[in-house]
Amino acid sequence: MSLRKSVLKKIIEAVDTFSLDGYRLDDIAEFSGYSKWHLQRIFKEHTGISLGEYIKHRKMHASAHDLLDKDNTILFVALLYGYESQQTYTRAFKRYFGISPGWFRNMNSSDRYRLLKEYKVPKINNDAQKLMA
Numbered sequence: 001m002s003l004r005k006s007v008l009k010k011i012i013e014a015v016d017t018f019s020l021d022g023y024r025l026d027d028i029a030e031f032s033g034y035s036k037w038h039l040q041r042i043f044k045e046h047t048g049i050s051l052g053e054y055i056k057h058r059k060m061h062a063s064a065h066d067l068l069d070k071d072n073t074i075l076f077v078a079l080l081y082g083y084e085s086q087q088t089y090t091r092a093f094k095r096y097f098g099i100s101p102g103w104f105r106n107m108n109s110s111d112r113y114r115l116l117k118e119y120k121v122p123k124i125n126n127d128a129q130k131l132m133a
């Protein structure tokens, strides 16, 4: 496996596995050993989606799942995922899903499922598997 493929595999696994609160492109670039610009180029070249977009999709979906636990306040979820305030998180959530976190939380489960399915995280695993082969 080439060094580039190995680095991309580690980055995809890290983003998919670990907490998404502190991920910034600069940190991931430093971890990879590539410049931020080069890393974004090779990530998109091999996966079809930019690294920033992939992280955003993962963050929104993971945070939506955490909203389902009624013990988690919206502020708690916002801070957990690295947002500076509930308002900032609510704007990002609404921009992504088209509804507020509070509205999402109060939807019935079948409507939430449909919404999450409609806005699913882009699948890069097949491309990533080719990349890692």
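All residue numbers for the sequence shown refer to the numbering used here, where the first residue is 1 and numbers rise by one.
Glycine included, each C-beta is placed from N, C-alpha and C at the ideal position.
The structure displayed is predicted, hence computed values, not measured ones.
Cβ neighbour criterion (16 or more within 10 Å) applied to residue i
i	result
M107	exposed
S35	exposed
Y51	It is Leu, not Tyr, that sits at residue 51 in the sequence shown. By the neighbour-count rule (16 or more Cβ atoms within 10 Å), L51 is buried.
K117	exposed
L67	buried
Q129	Annotation note: pLDDT 48 at Q129 (below 50); position unreliable, coordinate value reported separately. Answer is exposed; the Cβ neighbour count stays below 16.
T73	exposed
Y113	exposed
Assumed close pair residue i, residue j - CB separation to whole angstroms, cut-off 8 Å
i	j	result
G33	V7	7 Å
Helix, strand or coil at residue i according to DSSP, with G and I counted as helix
i	result
E53	helix
T88	helix
D66	helix
R95	helix
CB contact flag (residue i, residue j, <7 Å)
i	j	result
S63	V77	yes
Y83	F97	no
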